[in-house]
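Under my numbering, the first residue of the sequence shown is numbered 171, with each subsequent residue one higher. Note that CB positions come from ideal geometry on N, CA and C, so glycine has one too.
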Amino acid sequence: MDTDDAARLGAWQQTWRLTAAAVLGLAFWFSVAATLPAGCAADTCSWFVTGDPLIALGCLTVLLWRRRYPFTVALAVVIASAASALATGAALLALCSLATRRRPVEIGAVVVAYVTAAQFAEDLYRIDTLPVPIWLQLALPLASAGIAVATGVAIDARRVEVRSLRDRAASAEREQAARAAQAQATERNRIAREMHDVLAHRISLVAMQAGVLDHRDDLSTEEKRTLIRGITDGSRQALEELRDVLGVLRADSNRPEPPQPTLDRISELVADARSSGLDVTLATTVTTTPPETVGRTGYRVIQEGLTNAAKHAPAAQVHITVDGTPGSQLQVSVRNSAAATAVALPPASGFGLLGLAERITLTGGTLDHHRTSDNGYVLTAHLPWPEDDHEKRA
């Protein structure tokens, strides 16, 4: 941790810290100079103006490595301060830096060394002072050491808080990016389902009608006109539905999203399928309107079943059953026989049943689809129909 902090310290940060230590050392140095006898600096106290500053300079230089070797540097500087009043500021900076590590054993050892060095420093120069109790001699170095340790602990607490805030901010950004990516993926899947549900059915019917025109030579003029009208109407409706979907994708807030079809529009699906050549029958026992989500999902099940029948079983017989009551479930089944004629099949997207399964899963229902013994196909969905949901909506 300290090595990383040191790596982040620039030249200015190092400079002002060392300058502050030097200024603090000068305060101690001048306080000692004020108590020296007159002429002492040039005679018996020459160490005060020669060796003392040199040791202080060496201590300040060693402090450049205090974060890489905190305990060693702090202990060395504190011991050296016993021979230099000017190095007191460097010793306090080293002790403060060591305290940011919050290691009580190391801090205690350096504090003891600092207080002991202060006792030797008092005998370094010939200063005539009144005798003082031992506790008073220990009070000043202990107080200064305590201030340095408290400052270091406070600095480390602030660093931890800042680091925690940065980590939280980074975590929040990552979570936001993940939520945005998830929302984009969800929206892409929704758009893919809507595009398939809206367009695949129309285009499949158009492709099947065109295939019938291409392979049937025995059609009457009226039958050909019916198929051509079906192709024309299907193409026009596909373009209109595509325009509606693209309008939603443009995110025009002033343009409401078109209403989604529900079970009340099944008759339109059946009519379109019959006009394309499918023999479709519908049997329903539903007499009440299911919830919007359930009705819309049931509509999509029937639409997907008719689309697949038009693709893979042209001119087949298709039987649709819709059964259900509130408080139980809505069961929708689309069963088609084998293909009655062979035509070129349009390319399959592979996403129809996958998207349908996702829709049904979101409503809490189940989907089953498989081939029948007569080479036909059956698609069945069971959708929950809460008893009170429609009543609340009403």
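Just to check my reading of the structure: residue i and residue j have Cβ atoms closer than 8 Å, yes? What is that Cβ distance to the nearest angstrom?
i	j	result
residue 240	residue 267	6 Å
residue 188	residue 230	5 Å
residue 326	residue 272	6 Å
residue 383	residue 397	5 Å
residue 538	residue 508	Rounded, the Cβ-Cβ distance is 19 Å, inconsistent with contact.
residue 446	residue 494	Their Cβ separation, rounded to whole angstroms, is 27 Å, which puts residue 446 and residue 494 out of contact at 8 Å.
residue 218	residue 227	No, residue 218 and residue 227 are not in contact; Cβ-Cβ is about 14 Å, not under 8 Å.
residue 130	residue 225	Because the chain is modelled from 171 through 564, residue 130 falls outside the range shown and cannot be assessed.
residue 282	residue 265	Actually they are not in contact, since the Cβ atoms of residue 282 and residue 265 sit about 11 Å apart, beyond 8 Å.
residue 443	residue 480	7 Å
residue 233	residue 247	7 Å
residue 553	residue 474	Their Cβ separation, rounded to whole angstroms, is 14 Å, which puts residue 553 and residue 474 out of contact at 8 Å.
residue 432	residue 490	The pair is not a contact, with the Cβ atoms about 15 Å apart (cut-off 8 Å).
By how many angstroms is the C-alpha of residue j removed from the C-alpha of residue i?
i	j	result
residue 196	residue 337	41 Å
residue 506	residue 408	24 Å
residue 321	residue 315	10 Å
residue 499	residue 527	17 Å
residue 465	residue 328	59 Å
residue 186	residue 263	12 Å
residue 532	residue 391	48 Å
residue 536	residue 551	6 Å
residue 413	residue 403	15 Å
residue 350	residue 525	21 Å
residue 485	residue 379	10 Å
residue 439	residue 386	24 Å
residue 372	residue 354	27 Å
residue 358	residue 236	55 Å
residue 585	residue 339	Lying outside 171 to 564, the shown extent of the chain, residue 585 is not represented and no answer is given.
residue 132	residue 389	Residue 132 cannot be examined here, being either before or after the span of the chain that is shown, 171 to 564.
residue 467	residue 487	23 Å
residue 348	residue 463	28 Å
residue 134	residue 311	Shown here, the chain extends from 171 to 564; a query on residue 134 therefore has no answer.
residue 503	residue 405	27 Å
residue 534	residue 342	32 Å
residue 459	residue 334	55 Å
residue 243	residue 344	40 Å
residue 203	residue 250	19 Å
residue 448	residue 356	35 Å
residue 330	residue 284	27 Å
residue 323	residue 259	18 Å
residue 221	residue 275	32 Å
residue 423	residue 411	Legend: pLDDT at residue 423 = 48, less than 50; position of this residue unreliable, value from coordinates given subsequently. Going by the C-alpha atoms only, they are around 19 Å apart.
residue 369	residue 332	54 Å
residue 540	residue 461	28 Å
residue 289	residue 181	35 Å
Helix, strand or coil: which one does DSSP assign to residue i?
i	result
residue 503	strand
residue 461	coil
residue 348	helix
residue 466	helix
residue 333	helix
residue 541	strand
residue 386	coil
residue 289	helix
residue 565	Residue 565 lies beyond the stretch modelled for the chain, which goes from 171 to 564, so this question has no answer here.
residue 273	coil
residue 311	helix
residue 498	coil
residue 377	helix
residue 255	coil
residue 509	coil
residue 483	coil
residue 474	helix
How is the alpha helix (DSSP H) around residue i delimited, first residue to last?
i	result
residue 522	522-532
residue 535	Counting along the chain, residue 535 falls outside any alpha helix (DSSP H), and DSSP gives it neither H nor E.
residue 557	Here residue 557 belongs to no alpha helix (DSSP H), and DSSP marks it neither H nor E.
residue 264	258-269
residue 439	436-445
Along the beta strand (DSSP E) that carries residue i, what are the first and last residues, could you check?
i	result
residue 452	449-454
residue 549	547-554
residue 493	487-494
Under 7 Å: does the beta carbon of residue i sit that close to some heavy atom of the ligand FMN?
i	result
residue 527	With respect to small molecules bound, the structure shown includes none, and the ligand FMN cannot be examined in it.
query = Unbroken alpha helix (DSSP H) runs of length 4 or more, entirely within the segment 177-253: which are they?
reply = For the segment 177-253, whole alpha helix (DSSP H) runs of length 4 or above, ordered along the chain, are 181-205, 221-232 and 240-250.
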